[in-house]
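Numbers 15 to 287, taken from the working numbering, label the letters of the sequence shown in order.
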Amino acid sequence: MAENISTASSQIADVQSSADTRQIAINKVGIKDIRHPVRIKDRSEGEQHTIANFNMYVDLPHNFKGTHMSRFVEILNSHDYEITVESFKDMLTEMAERLEAESGHIEMNFPFFINKTAPISKVQSLLDYDVTLIGEIHSGKPEIDIKVVVPVTSLCPCSKKISERGAHNQRSHVTIQARTAGFIWIEEIIEIVEQEASCELFGLLKRPDEKHVTERAYDNPKFVEDMVRDVAVRMNNETRISAYVVESENFESIHNHSAYALIERDKLKDPVS
Numbered sequence: 015m016a017e018n019i020s021t022a023s024s025q026i027a028d029v030q031s032s033a034d035t036r037q038i039a040i041n042k043v044g045i046k047d048i049r050h051p052v053r054i055k056d057r058s059e060g061e062q063h064t065i066a067n068f069n070m071y072v073d074l075p076h077n078f079k080g081t082h083m084s085r086f087v088e089i090l091n092s093h094d095y096e097i098t099v100e101s102f103k104d105m106l107t108e109m110a111e112r113l114e115a116e117s118g119h120i121e122m123n124f125p126f127f128i129n130k131t132a133p134i135s136k137v138q139s140l141l142d143y144d145v146t147l148i149g150e151i152h153s154g155k156p157e158i159d160i161k162v163v164v165p166v167t168s169l170c171p172c173s174k175k176i177s178e179r180g181a182h183n184q185r186s187h188v189t190i191q192a193r194t195a196g197f198i199w200i201e202e203i204i205e206i207v208e209q210e211a212s213c214e215l216f217g218l219l220k221r222p223d224e225k226h227v228t229e230r231a232y233d234n235p236k237f238v239e240d241m242v243r244d245v246a247v248r249m250n251n252e253t254r255i256s257a258y259v260v261e262s263e264n265f266e267s268i269h270n271h272s273a274y275a276l277i278e279r280d281k282l283k284d285p286v287s
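As structure tokens, this is what we get:
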């Protein structure tokens, strides 16, 4: 039976591998928005189960008609659900080798949950964060970035200074995309942002907690510029981070627009602090 299947397969035309005469290479070709269960390393629990959304691409030389789309899914299924930064790097290398590509790109986006403790009541609740692993490989050399979107509170220093009662505040999204030079927990990146914000967020707060976080934000006002600069200082001092982009978007409560700031640095190209 196996011999018959092998014989039948050898007689089926491989259209993707046929020649193309248009002389136009393709930068990225592959599969997009495929969901797959994964296990992610968790500092407190060891690991957590979640669902990730994958985009997987390779380049295609001008002389090939198409790529073998089924191989992307085969690679994804061969990793038995457990994905770490290291196994993600291995998957990137395997993809380039199996599809005979000079370059490849994988994005893996997933919700990451942290069990947070309220500051006064100590009640616990889960808060979710948007995390993406981004992999690029060129000529056999893989590079991995971790991207985390951290929701926080920001309170306006100007509003506090000029107002007799209160100050306007808003929820902000601080996004860090970091290239690592050593192992770092996702939770550590999140903590850096939360510690530099006017105040961190919680899934559940009792009244004493609400009083605490309101006063914490009031005592710690931050412009969007302050937010990215303070996080950048922490990134500069973190030896396990070799390059980063930090963005902050404040969803203004007194305007119909957002305030935005970005800092980007590659420590290897710009070693001066």
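Note that beta-carbon positions come from the ideal geometry of N, C-alpha and C, so glycine has one too.
Quickly, what does DSSP pair residue i with across the bridge? List them, please.
{"i": "K55", "result": "E61"}
{"i": "R112", "result": "Paired residue(s): none; R112 is not in a bridge."}
{"i": "F68", "result": "I48, M122"}
{"i": "L3", "result": "An answer regarding residue 3 cannot be provided, because it is not within the stretch 15 to 287 covered by the chain."}
{"i": "I40", "result": "L74"}
At what residues does the alpha helix (DSSP H) containing residue i begin and finish?
{"i": "L90", "result": "83 to 91"}
{"i": "N250", "result": "238 to 251"}
Expressed to the nearest angstrom, what Euclidean distance is found between the alpha-carbon atoms of residue i and residue j?
{"i": "R243", "j": "K161", "result": "18 angstroms"}
{"i": "E239", "j": "P133", "result": "27 angstroms"}
{"i": "D233", "j": "D144", "result": "28 angstroms"}
{"i": "T115", "j": "A181", "result": "It should be pointed out that residue 115 corresponds to Ala in this sequence rather than to Thr. Cα to Cα, A115 sits roughly 55 angstroms from A181."}
{"i": "S288", "j": "I158", "result": "Past the edges of the chain, shown from 15 to 287, lies residue 288, and the structure says nothing about it."}
{"i": "M70", "j": "T253", "result": "30 angstroms"}
{"i": "P156", "j": "S262", "result": "28 angstroms"}
{"i": "A311", "j": "S212", "result": "Residue numbering for the chain in the displayed model covers 15 to 287; residue 311 lies beyond these limits and cannot be assessed."}
{"i": "L219", "j": "S135", "result": "8 angstroms"}
{"i": "N270", "j": "I204", "result": "28 angstroms"}
{"i": "P51", "j": "V87", "result": "13 angstroms"}
{"i": "I292", "j": "K46", "result": "Absent from the model: residue 292. The displayed extent of the chain is 15 to 287, so no value can be given."}
{"i": "F237", "j": "N183", "result": "10 angstroms"}
{"i": "H63", "j": "I200", "result": "15 angstroms"}
{"i": "S309", "j": "K79", "result": "Residue 309 lies beyond the stretch modelled for the chain, which goes from 15 to 287, so this question has no answer here."}
{"i": "S267", "j": "R185", "result": "9 angstroms"}
{"i": "L215", "j": "C170", "result": "17 angstroms"}
{"i": "R279", "j": "K174", "result": "32 angstroms"}
From what residue to what residue does the beta strand (DSSP E) around residue i run?
{"i": "T189", "result": "183 to 194"}
{"i": "K130", "result": "117 to 131"}
{"i": "A211", "result": "A211 -> no beta strand (DSSP E), and no H or E assigned at all."}
{"i": "D159", "result": "155 to 169"}
{"i": "E150", "result": "138 to 152"}
{"i": "A231", "result": "From DSSP, A231 is part of no beta strand (DSSP E) but of the alpha helix (DSSP H) over 221 to 232."}
{"i": "A257", "result": "255 to 265"}
Evaluate residue i with the Cβ neighbour count: other Cβ atoms within 10 Å of its Cβ, from every protein chain shown; 16 or more gives buried, anything less gives exposed.
{"i": "M83", "result": "exposed"}
{"i": "E210", "result": "buried"}
{"i": "I176", "result": "exposed"}
{"i": "A39", "result": "exposed"}
{"i": "C172", "result": "exposed"}
{"i": "I54", "result": "buried"}
{"i": "D73", "result": "buried"}
{"i": "G60", "result": "exposed"}
{"i": "N77", "result": "exposed"}
{"i": "T131", "result": "exposed"}
How about residue i and residue j: do their beta carbons lie closer than 9 angstroms?
{"i": "L147", "j": "M109", "result": "no"}
{"i": "F102", "j": "I89", "result": "no"}
{"i": "V137", "j": "D223", "result": "yes"}
{"i": "A273", "j": "R193", "result": "no"}
{"i": "M241", "j": "A275", "result": "yes"}
{"i": "E208", "j": "V166", "result": "yes"}
{"i": "F124", "j": "L141", "result": "no"}
{"i": "G44", "j": "L106", "result": "no"}
{"i": "I190", "j": "V247", "result": "no"}
{"i": "S139", "j": "G196", "result": "no"}
{"i": "F68", "j": "R85", "result": "no"}
{"i": "K281", "j": "I255", "result": "yes"}
{"i": "V245", "j": "I198", "result": "no"}
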